[in-house]
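Asker:
In the numbering used here, the protein residues as written are 2 to 540.
Structure below.
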């Protein structure tokens with residue numbers, strides 16, 4: 002219990018200033034960032050399955066929301082906050098529906114590669130959009146628009162503001178390098194408040210956040226015009242995908258690390274409840290946070306008690322300490338967010354992709370570029386689409402093998418990548434296709450089999466199909482298999498099946514088993530080869 006209390010205090014020290022920084026990405030009032038560490042965190046801690054996942058404000062979901070809402074209302078206005086609340090409520094609805102339909106598996110449709118590209122794009126966008134604020138130049142709109150404004154107003158840079166931001170970034174990076182256990186963001190925020198108040202930097206052009214309302218979050222249903230709801234539902238759908246994928250990936254990784262059980266569908270209930278409370282308490286969408294989860298894990302977290310402790314400390318800050326934030330420089334928050342953005346750029350995994358899989362590296366870069374140049378909402382949709390297309394591409398041209406008998410006295414059977422001119426034994430081929438058979442690869446399967454038959458060194462009289470890697474056969478593939486078996490039969494080729502236990506019902510349903518003699522269905526490939534090769538070739 003003591004370890005969880007200490008971890009909770011560490012979490013509060015990190016999460017409060019970090020979440021205030023996320024409001025700059027989300028376009029929300031600073032106080033709403035603190036709200037995300039309070040009630041939503043309590044609800045997830047009580048309802049979720051994961052013992053380690055920490056929920057709160059997140060850069061990716063904040064950026065998606067801002068990209069959509071900035072065209073509908075002025076950032077940080079009452080109308081904007083209400084729109085953000087509705088987005089959180091709709092996202093909660095999506096998460097609840099996903100739980101009812103047991104759709105936790107949908108997180109698997111956003112590949113790790115696409116997520117690396119997406120978060121890298123968000124990181125680049127976040128860092129670049131903080132530059133105007135760090136230099137004291139007011140700008141808004143798209144990334145390109147903000148950078149254009151910055152380029153055209155370099156003569157208006159406020160030197161004290163730039164120095165505050167530079168000091169904040171330097172201090173954060175130094176502490177992360179040499180004092181990782183120190184809550185750097187908290188110390189930087191506290192130091193900047195003290196320095197600004199003592200030196201009255203606000204009188205020298207340094208913008209401060211000013212008065213921050215205290216007290217508990219207001220509980221109310223946000224009011225928006227009905228005609229705005231369809232647009233909000235669309236952005237909530239994008240946020241739902243990110244929440245589902247990122248939260249599941251984070252929860253899984255820490256559950257595996259500690260050997261814990263994980264119920265992803267129950268976590269959907271916790272995430273739905275957290276976003277429901279977020280929408281009703283005047284803040285914005287929350288998500289499973291990899292950085293906060295890693296911080297609290299390193300601090301010794303054992304259970305969700307740590308998140309409850311952090312929430313209690315946050316509530317205490319809201320009740321008695323918000324007045325201390327008056328002299329917080331906006332440039333300091335921009336510096337905190339700038340460093341967060343740097344960490345989102347996943348250099349290590351991008352380099353690993355470049356070294357191991359150039360095709361997946363290209364997928365990650367394409368996703369990141371769309372996020373930077375078009376927007377985060379388009380980026381997440383592309384990430385999902387590319388993840389699915391990448392799977393289809395792999396399944397469309399999967400690995401396939403031919404079992405080949407070696408020339409040593411024992412005649413070992415060894416799998417080799419299938420290519421024309423191969424055979425298992427003179428007159429026979431044992432073939433394995435390493436993917437589910439479906440409409441997209443059915444013709445490829447047929448052409449590979451017929452190609453092996455046509456180019457075999459000896460006339461083929463028997464063929465063994467190893468179905469151990471085939472978990473399903475759709476209607477199109479089933480009809481293809483029927484036709485292929487008839488063609489092989491017309492060519493007097495005896496067909497044998499191995500490892501069909503998992504798909505026997507499908508084969509029977511498609512009448513495929515009617516074309517294969519009962520004695521030609523085997524439990525193993527070696528058995529099938531032995532039986533098939535024992536039959537002499539016709540004279």
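Ideal placement from N, C-alpha and C gives every residue a C-beta, glycine not left out.
The structure presented is a predicted model; accordingly, all values stated were derived computationally and were not measured.
Who are residue 288's beta bridge partners in DSSP?
Answerer: DSSP lists 57 as partners of residue 288.
Asker: Using the Cα positions of residue 8 and residue 478, report the straight-line distance between them to the nearest angstrom.
Answerer: 54 Å
Asker: Does the beta-carbon of residue 95 have 16 or more other beta-carbons within 10 angstroms, so that it is buried, or is it exposed?
Answerer: buried
Asker: Given residue 212, which residues of its chain have a CB within under 7 Å of its CB, disregarding the five upstream and five downstream residues?
Answerer: If you ignore the 5 residues before and after residue 212, its C-beta comes within less than 7 Å of the C-beta of 327, all in its own chain and listed in chain order.
Asker: Within the continuous alpha helix (DSSP H) that includes residue 449, where are the two ends?
Answerer: Residue 449 -> alpha helix (DSSP H) spans 443-456.
Asker: Quick check: the Cα distance between residue 6 and residue 307, rounded to an integer number of angstroms?
Answerer: If you take the alpha carbons of residue 6 and residue 307, they lie about 6 Å apart.
Asker: Between residue 57 and residue 290, what straight-line distance do the alpha-carbon atoms span, to the nearest angstrom?
Answerer: 7 Å
Asker: Return the residue from the list 503, 196, 498 and 530 that minimises the CA-CA distance to residue 518.
Answerer: 498
Asker: Relative to the C-alpha of residue 41, which candidate in 318, 51, 300 and 55 has its C-alpha closest?
Answerer: 55
Asker: Measure the C-alpha to C-alpha separation of residue 170 and residue 339 and round it to an integer number of angstroms.
Answerer: 8 Å
Asker: Is residue 228 helix, strand or coil by DSSP?
Answerer: For residue 228, the secondary structure class from DSSP, reduced to helix, strand or coil, is helix.
Asker: When we look at the beta-carbon of residue 85 and count the other beta-carbons within 10 Å, is it buried (16 or more) or exposed?
Answerer: The residue in question, residue 85, is buried, as its Cβ has 16 or more Cβ neighbours within 10 Å.
Asker: Just to confirm, is the Cβ distance from residue 314 to residue 31 under 7 Å?
Answerer: no
Asker: From what residue to what residue does the alpha helix (DSSP H) around residue 339 run?
Answerer: 331-345
Asker: Report yes if the C-beta distance between residue 80 and residue 74 is below 7 Å; otherwise report no.
Answerer: yes
Asker: By Cβ distance, which residues of its chain are closer than 7 Å to residue 361, with the 5 residues on each side in sequence left out?
Answerer: Taking residue 361 as the centre and dropping the five residues before and after it, the same chain places the C-beta of 114 and 354 closer than 7 Å to its C-beta, in chain order.
Asker: If you count every other CB in all the chains shown that lies within 10 Å of the CB of residue 501, and 16 or more means buried, which is it?
Answerer: Around the beta-carbon of residue 501, 16 or more other beta-carbon atoms lie within 10 Å, marking it buried.
Asker: For residue 400, count the other beta carbons within 10 Å of its own beta carbon; 16 or more makes it buried, fewer makes it exposed. Which is it?
Answerer: exposed
Asker: Which of the three DSSP states, helix, strand or coil, is assigned to residue 520?
Answerer: helix
Asker: Can you name the residues that DSSP bridges to residue 466?
Answerer: 432 and 498
Asker: For a minimum of 4 consecutive residues, which ranges assigned as the alpha helix (DSSP H) are wholly contained in the stretch 160-228?
Answerer: 160-179 and 185-200
Asker: Among the candidates 24, 136 and 3, whose CA atom is the shortest distance from the CA of residue 284?
Answerer: Closest option to residue 284, Cα to Cα, is 24.
Asker: Figure out for me which residue from 524, 270 and 450 has the closest Cα to the Cα of residue 423.
Answerer: 450
Asker: Would you be able to state if there are at least three C-beta pairs under 8 Å between the stretch 156-164 and the stretch 178-188?
Answerer: no
Asker: Which word fits residue 2, buried or exposed, when buried means at least 16 other C-beta atoms lie within 10 angstroms of its C-beta?
Answerer: exposed
Asker: What span of residues does the alpha helix (DSSP H) with residue 536 cover, start to end?
Answerer: Taken as a continuous stretch (DSSP letters only), residue 536 belongs to no alpha helix (DSSP H), as it is neither H nor E.
Asker: Is it buried or exposed for residue 528, if we count other Cβ within 10 angstroms and need 16 for buried?
Answerer: Answer is exposed; the Cβ neighbour count stays below 16.
Asker: Rounded to whole angstroms, what's the CA-CA distance from residue 462 to residue 511? Just pull it up for me.
Answerer: 25 Å
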